[in-house]
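What follows is a short report on a single structure.
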Amino acid sequence: MSFSRYAARSELRSNAPLTREALSRPTVGTIGEEDENAVDVASALQGNPALAAMVQDKLSSLVGRSSGYVESLPNHIRRRVEGLKGVQVEHHKIEADFQKEILELEKKYAQRYKPLYERRAAIIQGKQEPTSDEVKAGEAVDADEDDDEQPESLADNHIALSELITERDEEALRALVDVRMSYLVDQAGFKLEFEFDAAKNDYFTNQVLTKTYYYQDEVGFSGDLVYDHAEGCKIDWKEDKDLTHKIETKKQRNKNTNQTRTPPKNGEIEDDDADLDELDERLELDYQIGEDLKDRIIPHAVDFFTGKALQYEDLDDLDDAISTTRMTRMTMRMTTMTSRADRSSAHPSAPDGRFARSSGVQAAGSA
Numbered sequence: 001m002s003f004s005r006y007a008a009r010s011e012l013r014s015n016a017p018l019t020r021e022a023l024s025r026p027t028v029g030t031i032g033e034e035d036e037n038a039v040d041v042a043s044a045l046q047g048n049p050a051l052a053a054m055v056q057d058k059l060s061s062l063v064g065r066s067s068g069y070v071e072s073l074p075n076h077i078r079r080r081v082e083g084l085k086g087v088q089v090e091h092h093k094i095e096a097d098f099q100k101e102i103l104e105l106e107k108k109y110a111q112r113y114k115p116l117y118e119r120r121a122a123i124i125q126g127k128q129e130p131t132s133d134e135v136k137a138g139e140a141v142d143a144d145e146d147d148d149e150q151p152e153s154l155a156d157n158h159i160a161l162s163e164l165i166t167e168r169d170e171e172a173l174r175a176l177v178d179v180r181m182s183y184l185v186d187q188a189g190f191k192l193e194f195e196f197d198a199a200k201n202d203y204f205t206n207q208v209l210t211k212t213y214y215y216q217d218e219v220g221f222s223g224d225l226v227y228d229h230a231e232g233c234k235i236d237w238k239e240d241k242d243l244t245h246k247i248e249t250k251k252q253r254n255k256n257t258n259q260t261r262t263p264p265k266n267g268e269i270e271d272d273d274a275d276l277d278e279l280d281e282r283l284e285l286d287y288q289i290g291e292d293l294k295d296r297i298i299p300h301a302v303d304f305f306t307g308k309a310l311q312y313e314d315l316d317d318l319d320d321a322i323s324t325t326r327m328t329r330m331t332m333r334m335t336t337m338t339s340r341a342d343r344s345s346a347h348p349s350a351p352d353g354r355f356a357r358s359s360g361v362q363a364a365g366s367a
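In the UniProt record's numbering, the protein residues as written are 1 to 367.
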């Protein structure tokens, strides 16, 4: 899925808990023997479609069915179990209140972050320059870090190809000037805003593209808020500039000629495993992009730009972190390019390298 299709995607729905691994499929343990067994089973099923279908049918028939264990317990034990379920109901209510209060706390601190994001946007767009104190604070951070431990070379030399931003997207992203996040007022959720320089945008007339993510009122089994759906704004493409019309074959199973259609809601697609897998992948990617922008890239843009963020990623997530770093660098670099001419005219003696580096200084989520 390219960035243009991500922005154009108007609605996706899911019942996924809001944790970083929420939409990830279950995996086997990390113990070597378990991994080997899982590989053997997967290979056997892959090589025998009939067996795979039979196993799938059997597993599907077991979903929601009781194992019979509770029913086999003595009456007084079963009564205790039912009572414990009642206690759990009250626990669930408290969890719901807890998550709602966390969301309100996030909204409160979002207002405190806002002036910093505005300051970052002004610096990256060349409207303002960093103060001496800001520069000294940044240099102090560099002095406290061991350069030998920085993953800069890893990010530079082993960055995986991003599945989100294509070469065609890069041309449109040259007009990107800012990315912002705000929480919804009347309901649980958040909105991402992608601001573009209209004078330099050859692809669409919108100055701001929005993507809104909605949460459900109740919490999930794990006590987390539940992701409901996402809605994107209508993109007013200029003539012959619609980036979603071209078919891109990377991990695309649907070969429709028009990629601007609204994704189907749950229950509106054919009951086909391939279609269900495709919808699941699209839901997961769309949700994860939004959460990463909100929780990781916007708050820590400079760390992804420099590669420092890779130090804090789990090794299992390193490929994703590297890809995220590439996406952050590229879009921040695009943002720098859009205002370079303005900066040069305002500060003709300043070297371009300094301004390119300054673009990494937390550019209000320009990721």
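C-beta: ideal position from N, C-alpha, C; glycine also.
Candidates the options: closest to residue i by CA position
{"i": "E170", "options": "N201, R296 and V141", "result": "N201"}
{"i": "H91", "options": "S222, R120 and I123", "result": "S222"}
{"i": "residue 377", "options": "K241, F190 and Y203", "result": "The question about residue 377 has no answer, for the chain in this structure spans 1 to 367."}
{"i": "L184", "options": "A50, I298, L173 and T212", "result": "T212"}
{"i": "C233", "options": "E71, N206 and D277", "result": "N206"}
{"i": "A7", "options": "Y117, I235, K100 and P74", "result": "I235"}
{"i": "L279", "options": "H229, A121, Q216 and K114", "result": "H229"}
6 angstroms Cβ shell around residue i - same chain, five flanking residues per side excluded
{"i": "E193", "result": "R180, V208 and T210"}
{"i": "F98", "result": "none"}
Per-residue burial, residue i [other beta carbons within 10 Å of its own, 16 or more giving buried]
{"i": "D292", "result": "buried"}
{"i": "G83", "result": "exposed"}
{"i": "A274", "result": "exposed"}
{"i": "L283", "result": "buried"}
{"i": "Q125", "result": "buried"}
{"i": "G68", "result": "exposed"}
{"i": "D286", "result": "buried"}
{"i": "G290", "result": "buried"}
{"i": "E195", "result": "buried"}
{"i": "T244", "result": "buried"}
{"i": "A42", "result": "exposed"}
{"i": "Y109", "result": "exposed"}
{"i": "T262", "result": "Reliability of the predicted coordinates at T262 is poor, the pLDDT of 43 falling under 50, and no value is obtained from them."}
{"i": "L173", "result": "buried"}
{"i": "E56", "result": "Residue identity check: residue 56 is Gln in the sequence provided, not Glu. Answer is exposed; the Cβ neighbour count stays below 16."}
Cutoff 7 angstroms; reference residue i; Cβ partners in own chain excluding five residues on either side
{"i": "Q150", "result": "Any reading at Q150 must be qualified, since the residue scores a pLDDT of 39, below 50, and its modelled position is unreliable; no value is offered."}
{"i": "H300", "result": "A309"}
{"i": "D295", "result": "none"}
Local conformation of residue i per DSSP, three classes
{"i": "S182", "result": "strand"}
{"i": "H91", "result": "helix"}
{"i": "Q111", "result": "helix"}
{"i": "A198", "result": "helix"}
{"i": "Q216", "result": "strand"}
{"i": "F221", "result": "coil"}
{"i": "T306", "result": "helix"}
{"i": "A7", "result": "helix"}
{"i": "E82", "result": "helix"}
{"i": "L164", "result": "coil"}
{"i": "A346", "result": "With a pLDDT of only 38 at A346, under 50, the local geometry of the prediction cannot be trusted, and the value read off the model is given with reservation. A346 falls in the helix class under three-state DSSP."}
{"i": "D228", "result": "strand"}
{"i": "L243", "result": "coil"}
Residues near residue i by beta carbon distance below 8 angstroms, same chain, minus five either side
{"i": "A52", "result": "L45 and Q46"}
{"i": "E106", "result": "Y183"}
{"i": "K85", "result": "none"}
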